[in-house]
Amino acid sequence: MRFYLTTAIDYVNSRPHLGTAYEKITADVIARYKRLCGIDTHFLMGNDEHSQNVYKRALERGLDPRAYCDRMEQEFRAVWAQLDISFDDFIRTTEPRHRAAVEKLAQRCFDTGDIYEGHYEGWYCVSCEAFKQEKDLVDGKCPLHPTVTPEWIREKNYFFRLSKYRDALLQHFRANPGFLQPDMRRNEMLRLLESGLEDISVSRAGQLWGIPLPFAPDNVVYVWFDALINYAAAVGYATDEGRFAAWWPADLHIVGKDITRFHTVVWPAMLMSAGLAPPAQVFGHGWVNFGGQRMSKSAGTSLDPSEVARRFGPDPLRLYLVKEITYGGDGDFTWERYEERYNADLANNLGNLVSRVAAMADKYRQLRLVPAGDGGRLAQVAGAALARYRASMDGYALHDGAAAAFQLVDASNEFIAETAPWTLAKSPSDAARLDAVLFEVAEALRVAAVLLRPIMPSSSADILRRIGETREASTLRLDLDGRWRPDGVRTIVKGGPLWPRVEETKEIRVDEKPVQPASPVSPAPPAAPAPPPAADARISIDEFMKVELRVAKVLAAEAVPKSKKLLKLTVETGKDQRTIVAGIAEAYQPEQLVGRTVVIVANLQPAKLMGVESNGMVLAGSPDGGLPMLVGFDQEIPPGSRVR
Ligand code: MSP
């Protein structure tokens, strides 16, 4: 079974904000859930580069637009890596594969007679990159971008016969009630279709930045007509038809509510015109506001997701966005509410459960828990939580999926309070009951951690490791591992508190700036800040986070001919396989390295060393006058894990 999932591709005139990050996080939760269900999932994200605002921004910075977009790609990738977004492919609309697809699809529509020449005269909002009718404006301004004055444009354009597809679209909506979700968006779109459709302009005249129309190269393709095609381009339309046939149509497009019309009216009509199937489903999520205000780059009211993730790591942010906002509706972020939920859900509830299980296992059973019976009340709660979780996640009620996992966490903490293991431990005749209670609560925590895996990937893996799950987290499957599994002795691993209460973190704030724990899942204990050096050459956490350090596994190694120092390594990075040239030949034999886990800088620009292109760098410590030593880990860690 396959699942092809996409998000909107982002304009790169500024960095991601919490709203755009929300979309990527929720889509990532869906992708990870599908993988947990054993479904072959392809998760696509990307950048939308041919926008006028992107072009202007590049010129303002004195950069060639392409060079500007290259830089922004790195910035976006760094934020997505920081938020643990597990996309399989990242497309940019300036890539040749995308251009080929746009040319082919536009030509097809032209050949079918659906693109014709005409004149456009009217308003254009450059922030929406959309043509606007007088009735769409409020006091002469676009309601979504009140700080931007719409332009009156008059140009020779090519038009797409959208009106021709109105009946087919209506029929498609009616025959496929799930095509657009949630229902309130579907109803909006049905009303729009019922009121009729006008043809749309699909080219812009006199612009340099964009893809020329193949049949009229003096015009560039209108940025939306261009951008929508990314979903087909990424899976091989025009470049690899076999691959395209395997993955198209997309199973799910995740987009914001402001752009559902483009995805459920314009895009399916373009596909129908080109003889291709429409996507199976579109989900239009709501807005995340910041302190009740719409987040807007132009109005300066946006919040940087990196800043939030720095506070407690990516997982508490992911949990907040997924659990606190009904998926499909609007939501709000405030620092107060975020800290409150962090303390309630993580410090007091889940974190406390993890600590109590380890402390009791240590105190009463030398960290060894043995299965006893089929489980009691918690086994039943776990069964009910799993059923609720599955139904919610399958229907994209992600908030309710998170709540189902926490239903089990709550019940486990209550179970500890009621069974009072500390009392059972006092009397030898209760030894068997104590065994059963301890195993039961550890098993409930294991199931909860499996359910939380899509939402809090690294915390879930850490909890599973601590409660003696020996299987690699990425191999877990919901149908087996989401069930009660009293299948063997659990050796509990002790560790520090996962989520110290927020007051503790506040104490180590320096200059009121958020403090990054040593690792998102095992924060360092509070420590006094070091005195600043005389001339402050320190870098900000943002600058550091631009360096993408990742775990990789060496698949092959060989000497670089005519070099004493260099080895050519083929490594698996969790996302790709690549060649890295490392100056470690004097310290390691190639065969010693195969199968070894290393740390790499994953986002270095390629460089040629002795004629071999190196894509990244392997980290090693080099003592003065000594040989380099590879950086490593004291336990198994999967390739692709972020190092920070
Ligand atoms: N480039 C177009 C999409 C083209 S898809 C073929 C675009 N880009 S965007 O950068 O403006 O927005 C990217 C996504 O983020 C969109 O789905 C948009 O709805 C979403 N969001 C933008 N602000 C948001 C919030 N404040 N909250 C939630 N989602 C938000 O549109």
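In this note's numbering, the protein residues as written are 145 to 788. Cβ coordinates follow ideal geometry from the N, Cα and C atoms, glycine included. If you're wondering where the values come from, they're calculated on a predicted model, not measured in any experiment.
Nearest-angstrom Cα distance between residue i and residue j?
| i | j | result |
| --- | --- | --- |
| residue 381 | residue 496 | 50 Å |
| residue 152 | residue 418 | 21 Å |
| residue 548 | residue 490 | 15 Å |
| residue 387 | residue 379 | 6 Å |
| residue 619 | residue 573 | 40 Å |
| residue 706 | residue 756 | 12 Å |
| residue 211 | residue 752 | 20 Å |
| residue 179 | residue 274 | 36 Å |
| residue 700 | residue 720 | 14 Å |
| residue 241 | residue 377 | 6 Å |
| residue 650 | residue 488 | For residue 650, the predicted structure reports a pLDDT of 41, less than 50, and the residue's modelled location is therefore unreliable. The matter cannot be settled from this model. |
| residue 448 | residue 191 | 18 Å |
| residue 630 | residue 183 | 25 Å |
| residue 200 | residue 206 | 10 Å |
| residue 478 | residue 767 | 47 Å |
| residue 520 | residue 555 | 12 Å |
| residue 181 | residue 438 | 36 Å |
| residue 621 | residue 232 | 19 Å |
| residue 452 | residue 645 | 16 Å |
| residue 557 | residue 461 | 23 Å |
| residue 578 | residue 446 | 52 Å |
| residue 726 | residue 777 | 19 Å |
| residue 237 | residue 370 | 8 Å |
| residue 480 | residue 765 | 42 Å |
| residue 454 | residue 227 | 10 Å |
What is the DSSP secondary structure of residue i, reduced to helix, strand or coil?
| i | result |
| --- | --- |
| residue 404 | helix |
| residue 740 | coil |
| residue 693 | strand |
| residue 198 | helix |
| residue 269 | strand |
| residue 210 | helix |
| residue 230 | coil |
| residue 165 | helix |
| residue 678 | Note on residue 678: pLDDT 36, under 50, position unreliable in the model; the coordinate value appears next. DSSP places residue 678 in coil when its eight states are reduced to three. |
| residue 572 | helix |
| residue 291 | coil |
| residue 345 | strand |
| residue 285 | strand |
| residue 477 | strand |
| residue 490 | helix |
| residue 296 | strand |
| residue 557 | helix |
| residue 484 | helix |
Do residue j and residue i come within 7 Å of each other at the CB atom, strictly closer than that value?
| i | j | result |
| --- | --- | --- |
| residue 493 | residue 581 | no |
| residue 710 | residue 704 | yes |
| residue 356 | residue 251 | no |
| residue 194 | residue 346 | no |
| residue 302 | residue 342 | no |
| residue 546 | residue 599 | yes |
| residue 365 | residue 163 | no |
| residue 254 | residue 189 | no |
| residue 586 | residue 509 | no |
| residue 738 | residue 762 | no |
| residue 603 | residue 474 | no |
| residue 502 | residue 638 | yes |
| residue 285 | residue 349 | no |
| residue 505 | residue 398 | no |
| residue 697 | residue 783 | yes |
| residue 476 | residue 436 | yes |
| residue 551 | residue 523 | no |
Give me the Cβ distance between residue i and residue j, rounded to the nearest whole Å; I'm assuming they're in contact under 8 Å.
| i | j | result |
| --- | --- | --- |
| residue 544 | residue 149 | That pair is no contact at about 19 Å. |
| residue 430 | residue 467 | Contact flag wrong, Cβ pair sits at about 15 Å. |
| residue 279 | residue 294 | Wrong, their Cβ atoms sit about 13 Å apart, outside the cutoff. |
| residue 583 | residue 498 | Rounded, the Cβ-Cβ distance is 16 Å, inconsistent with contact. |
| residue 157 | residue 270 | That belief does not hold up - the Cβ atoms of residue 157 and residue 270 are roughly 10 Å apart, past 8 Å. |
| residue 744 | residue 717 | 7 Å |
| residue 595 | residue 626 | 6 Å |
| residue 781 | residue 715 | Not quite, the Cβ-Cβ distance comes to about 14 Å (not below 8 Å), so this is no contact. |
Within 6 Å: the Cβ of residue i and any heavy atom of the ligand MG?
| i | result |
| --- | --- |
| residue 192 | Looking at this structure, you won't find the ligand MG anywhere; what it does contain is the ligand MSP. |
If contact is defined by three or more beta carbon pairs under 8 Å, each pair taking one atom from either stretch, is the region 761–781 in contact with the region 717–734? Pairwise C-beta distances place the region 717–734 in contact with the region 761–781, as three or more of them are shorter than 8 Å.
Three or more C-beta pairs under 8 Å: does that hold for the region 166–186 against the region 243–252? When C-beta atoms of the region 166–186 are compared with those of the region 243–252, fewer than three pairs fall below 8 Å, so the two segments do not count as touching.
The region 306–323 / the region 333–341 touching (three or more Cβ pairs under 8 Å): At 8 Å Cβ cutoff, the stretches touch.
Determine contact between the region 688–697 and the region 216–225, defined as no fewer than three beta-carbon pairs at a distance below 8 Å. Counting C-beta pairs closer than 8 Å gives three or more between the region 688–697 and the region 216–225, which meets the contact rule.
Is there contact here, the region 403–415 with the region 330–337, by at least three beta-carbon pairs under 8 Å? Taking a cut-off of 8 Å for Cβ pairs, the region 403–415 and the region 330–337 touch, as three or more such pairs fall below it.
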